[in-house]
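Written out below as structure tokens is the structure these notes cover.
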Amino acid sequence: MTTSLPRQLARTRRFTLGAPGAFTLSPDGATVFFLRSRAGDDPVSCLWSLDVATGRERLLADPLALLAGAEEELPAEERTRRLRAGEMSSGIVGHAADDACELLAFTLSGRLWTVRPADGAVRLIPTAGPVLDPRPDPTGRRVAYVSGGALRVVTADGVTDEVVAEPDGPEVTYGLAEHVAAESMDRHRGYWWSPDGRRLLVARVDAARVRRWHLADPSDPARPPVSFPYPAAGTPNAEVSLWITAPGAPAVRVDWDAASFEYLTGAGWDAAGPYAAVQSRDQRRLLVLGVDPATGATRVLAEQRDDAWVELVPGLPARDAAGRLLTSADLDDTRRLLVAGDPVTPPGLQLHAVVAVDGETVLFTASDEPTQAHLWAYDPAGGVRRLSDEPGVHTGTRRGGTTILQSRSPARPGTKVRAGSVEIASYAERPVLDLRMELLTLGPRALRAALFLPSWHTPGHGPLPVLMDPYGGPALRKVTAEQAWWTYVSQWFAEEGFAVLAVDGRGTPGRGPAWERAIHLDLAGPVLADQVDGLREAAARRPELDLGRVGIRGWSFGGYLAALAVLRRPDVFHAAVAGAPVMDQRLYDTHWRERHLGHPDEHPEAYDRCSPILEAASLTRPLLLVHGLADDNVVPAHTLRFSQALLEAGRPHEVLPLSRTTHLPSQESVAENLLLHQLGFLRRALGLPSAP
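Residue numbering for the sequence shown follows UniProt numbering, beginning at 1 and increasing consecutively.
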């Protein structure tokens, strides 16, 4: 059964297929709208509704049926091919609703569709071109969408389709988030409706000064390369501005010092008016601005400063129904929620994200233990209270007094979702493996770690080679009290004869500002030291860990860490697999990389210190480099430049290029065989037999 896990992971898209998600609640909290496919291996997500009082579900939109009807003039075989290809591989990937949830909008194969839950009427709305990010106005009269870089508004009956903001240059777009906003700021929107549905707050992005990068497809030399703007560290960003506009009305520019605060990190429009959050290039200052919708004039509502960087909290800034501003601050080595400037969460409770504001109730996720995340609520009358009970990782949303709680636990696979007292069914597959995971706290820094042993291993069975399996970077925690997809990957390697150890060291989120900022100007030293210390502490506690046979594998930051491990500590690590690693820090984007290493013109030594390319000659251990050749996040130049430096230094290594693969492999056969290839490499490199 163990050999089938890679195939199952690929076929189920890491167990996400069949699981409910993308929840929207009606204003009275009585109805939930959500996406879910019909089975754990069905890639086509449908739109559903659920009655919270009765638990009754209703199918609102089935992509296969909709497109079959829209393309019924095509031959049956061609219809089937189109339905299963391209965008249809995911069905409906998102939806948006008006304030009353009387009109829902979504895209399917680039076309705009609406559904009215009251009677179930689904309608294909004619538009001027392919549709991105459609959202009804709060009154449900019109739907805004982006097409060809222009923001347009179409009436809900499809009769009138008008341009609201049209590109005025070849590199200009309206209504879309630029690269660094989507990748590094958790801002995925580029426009916001006014509450009355008459005007919009729109982001204009001009990428003319951003350097363009090009990705070719070496497997098809006839295919032209893809060109896209990518703001690498130290290079110009896109020029981002905000405008207030409406169909047929002149646009009003929002006025702030964009030269000093070039990042737009958040925006919105509520009953108290439009607002925006802007951040300086060095990320040490952040302003929350109130906007006059008539003139575009701004005033400072709140300010944050930090000597390293101001951490952005998803869901902030926001306001409650009383108009109180919600922000955050790092106080007492704790990221705390502020309401009207006052901290309302206690020291030691680390704020992760604000997930909903329902009246004067603020729903947020936070941790008082680094391996867990709970759902909490705050309101002025009741203060702070925890809504999730069992150990694990929890999130959710809330509206009309109904709370949706999404829970993952170490006691069971998958995500359990409850809307009030009703559980929303999940059809996600159960993993073919059972976990044997032990959470550990190691050493004087109380490093959190997860140890995976083979199900068949007993204390007298003998020593086990060790596979370190970290992420280790500032984007996420890998050591959490849940049965996540990556825990099954670790367990699969364990079943193949390894003791697998994941360690979350300094820089990982959830342990407070000082822990996160310990990597400021040095992404390498503290992170690698924690992996070494965690390994040694675990081996001292568990003698079955054989420190004479230690491999390490990772992806993205984890891939960078794996390569760094065999370069700097060959006395500890004997082989490494580095997937999609960031090897030249100057080739990563401005907002993310300058956050941790500063501007390369000001701190060139930090970039040199953290770029393994300059250390290529020190490689003495087996190393496998893996990279998708279509990766537009960590571009393949990282691996190719490192490989060239290794070759020039006469250092043997292996490179596995993945054709037409982006940052994370999505093709089923590639994702499956990639794990098998890593296993085979580690066995050879560590001198292990082909079977446990």
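All C-beta atoms in this analysis are idealised placements derived from N, C-alpha and C, irrespective of residue type, glycine included.
Source: prediction; values computed, not measured.
Inter-residue spacing [alpha-carbon to alpha-carbon] between residue i and residue j
i: Y378; j: G29; result: 18 Å
i: R549; j: A565; result: 14 Å
i: L658; j: R386; result: 45 Å
i: A302; j: R324; result: 12 Å
i: L405; j: V32; result: 12 Å
i: V310; j: A53; result: 43 Å
i: T139; j: T371; result: 42 Å
i: S611; j: W515; result: 22 Å
i: T403; j: P27; result: 12 Å
i: S421; j: S388; result: 13 Å
i: residue 733; j: A450; result: Absent from the model: residue 733. The displayed extent of the chain is 1 to 692, so no value can be given.
i: S260; j: R281; result: 7 Å
i: G414; j: E102; result: 31 Å
i: residue 701; j: G248; result: Because the chain in this structure spans residues 1 to 692, residue 701 falls outside the shown range and cannot be described.
i: V115; j: R511; result: 43 Å
i: Y174; j: R187; result: 15 Å
i: W113; j: A121; result: 10 Å
i: R568; j: D168; result: 51 Å
i: Y471; j: L674; result: 18 Å
i: Q279; j: G268; result: 16 Å
i: P117; j: L104; result: 8 Å
i: A181; j: Y191; result: 13 Å
i: D206; j: E262; result: 12 Å
i: V202; j: V635; result: 30 Å
i: H574; j: L535; result: 13 Å
i: H599; j: G505; result: 24 Å
i: A39; j: D632; result: 31 Å
i: Y607; j: H627; result: 22 Å
i: E87; j: Q8; result: Because the pLDDT at E87 is just 39, under 50, the model does not fix this residue reliably, and the point stays unresolved.
i: V432; j: L289; result: 51 Å
i: E594; j: H603; result: 10 Å
CB-CB length for residue i against residue j, believed under 8 Å
i: P130; j: I424; result: Incorrect: roughly 32 Å between the Cβ atoms, too far for contact.
i: A251; j: W243; result: 5 Å
i: Q350; j: A366; result: 6 Å
i: A671; j: A10; result: 4 Å
i: A238; j: E178; result: 5 Å
i: P343; j: A329; result: 7 Å
i: P225; j: V210; result: The Cβ separation is near 17 Å, so there is no contact.
i: V479; j: R448; result: 5 Å
i: L25; j: R399; result: 4 Å
i: S49; j: L35; result: About 11 Å separates the two Cβ atoms, so there is no contact after all.
i: G507; j: G473; result: 6 Å
Pick from the options that is closest to residue i, judged by C-alpha positions
i: V354; options: A297, L338, H627 and G414; result: L338
i: I125; options: A70, L682 and P463; result: A70
i: V572; options: A203, A578, A562 and L675; result: A562
i: S455; options: Q491, L439 and G472; result: Q491
i: P543; options: S690, E360, N237 and G460; result: G460
i: E615; options: G598, H627, A649 and R595; result: A649
i: S227; options: P221, W213, N237 and V240; result: W213
i: L629; options: L375, L656 and V291; result: L656
i: V164; options: L200, G190 and V172; result: L200
i: L132; options: D119, R152 and A428; result: R152
i: Y588; options: L35, G110, S618 and T235; result: T235
i: L108; options: A97, L67, V146 and Y145; result: L67
Host beta strand (DSSP E) of residue i (start-end)
i: Q531; result: First-last for Q531: G525 to R541, but that is the alpha helix (DSSP H), not the beta strand (DSSP E).
i: P250; result: A249 to R253
i: H394; result: V393 to R399
i: A575; result: A575 to G579
i: E57; result: E57 to A61
i: L47; result: C46 to D51
Terminal residues of the alpha helix (DSSP H) in which residue i lies
i: S490; result: W485 to E495
i: P604; result: P604 to R609
i: W376; result: It is not in any alpha helix (DSSP H) - W376 instead sits in the beta strand (DSSP E) that spans H374 to D379.
i: F642; result: A637 to E648
i: Y560; result: F557 to R568
i: T365; result: Unbroken run through T365 is the beta strand (DSSP E), T361 to S367; no alpha helix (DSSP H).
i: L289; result: L289 -> not in any alpha helix (DSSP H); beta strand (DSSP E) instead, spanning R285 to V291.
i: H596; result: T590 to L597
i: E668; result: E668 to L686
i: P657; result: Counting along the chain, P657 falls outside any alpha helix (DSSP H), though it belongs to the beta strand (DSSP E) covering E654 to L658.
i: A514; result: P513 to E516
| said: Could you tell me which whole alpha helix (DSSP H) segments of length 4 or greater appear in the region 101 to 187? | reply: 179 to 184
| message | Threshold first: 3 residues or longer. Then list the beta strand (DSSP E) segments lying entirely within the region 194 to 244, N to C. | response | 200 to 206, 212 to 215 and 226 to 229
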